[in-house]
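Numbering (our numbering), first residue to last: 81 to 300.
Glycine included, C-beta positions come from ideal geometry on N, C-alpha and C.
Since the model is a prediction, treat every value here as computed from it, not as a measurement.
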Ligand SMILES: [Zn+2]
């Protein structure tokens, strides 16, 4: 099964990706992994991507697609994949659809974890990490036992520079502007599974499994 997982930062995407990997035996492939792997392998197309990244520029879609296809061609991806962070735009979604037949593959379902923008903002702006080990806390959803201190190592909790309100606003703006068209793209293909992500993690996971029509065998 080849899936795409769409959700803004703070939507709980990482947790649900892990669940899909566990329940379906497929491989999680984030766009970050794709680039890191390409640089590590040092293939010509990987080096080309690295040039863009070193300049802090966006890697062009044709290169990104090539890198993803090269990874999906590896035997470990035979059982299927859950793509995370890609496609990020409608153009990328279209390019992916055009390229996948080369591997005799297609996207089966696209999952959208729908969380209201205000909720995402609240979740993200409440995030703090500890100074010593970057353990993550959230004043709204996962507060520390002692305010301002890490439960695990007692070091002070600080807010990262990319968790400031202005930076969060910008990230959410980009997501809703660029990535919601991807949701519409897969909806038009009849492949969209939209899950209300504004509820407890376990409930979201259960709806996801149910929505994909997966039967979980009871462990004996
Ligand atoms: Zn800590």
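Span of the alpha helix (DSSP H) around residue i
i           : result
residue 205 : 197–205
residue 171 : 170–179
Proximity below 7 Å, CB of residue i to CB of residue j
i           : j           : result
residue 100 : residue 162 : yes
residue 231 : residue 224 : yes
residue 185 : residue 262 : no
residue 105 : residue 159 : yes
residue 91  : residue 204 : no
residue 197 : residue 259 : no
residue 175 : residue 143 : no
residue 137 : residue 129 : no
residue 96  : residue 252 : no
residue 180 : residue 88  : no
residue 291 : residue 284 : no
residue 220 : residue 249 : no
residue 141 : residue 172 : yes
Anticipated Cβ contact below 8 Å, residue i with residue j, distance rounded
i           : j           : result
residue 241 : residue 212 : Residue 241 to residue 212, Cβ: 18 Å. No contact.
residue 93  : residue 190 : Actually they are not in contact, since the Cβ atoms of residue 93 and residue 190 sit about 13 Å apart, beyond 8 Å.
residue 187 : residue 281 : No, residue 187 and residue 281 are not in contact; Cβ-Cβ is about 25 Å, not under 8 Å.
Proximal residues to residue i (C-beta, below 6 Å), its chain only, five neighbours per side dropped
i           : result
residue 207 : 218, 243
residue 266 : 190, 272
residue 109 : 161, 163
residue 111 : 165, 166
residue 255 : 88
residue 113 : none
residue 139 : 129, 132
residue 239 : 208
residue 264 : none
Extent of the continuous beta strand (DSSP E) run through residue i
i           : result
residue 217 : 216–218
residue 188 : Segment: none, residue 188 is in no beta strand (DSSP E) and carries neither H nor E.
residue 163 : 161–164
Own chain, CB closer than 8 Å to residue i, minus 5 neighbours either side, in chain order
i           : result
residue 299 : A caution first: residue 299 carries a pLDDT of 44, below 50, which makes its placement in the model unreliable, though a value can still be read off. Excluding positions up to five away in sequence, the list is empty.
residue 294 : 103, 104
residue 233 : 210, 212, 213, 215
residue 228 : 236, 237
residue 123 : 150
residue 247 : 241
Cβ neighbours of residue i in the same chain (closer than 7 Å, five flanking residues each side left out)
i           : result
residue 156 : 107
residue 182 : 149
residue 46  : The question about residue 46 has no answer here: the residues shown for the chain are numbered 81 through 300.
residue 81  : 104, 106, 160, 188
residue 120 : none
Complete runs of the alpha helix (DSSP H) confined to the stretch 227–283 [at least 4 residues] = Segments of the alpha helix (DSSP H) lying fully in the stretch 227–283: 245–254, 260–268.
Alpha helix (DSSP H) segments (min. 4 residues) lying fully within the stretch 85–143 | List check, alpha helix (DSSP H) in window: 93–104, 111–121, 124–134.
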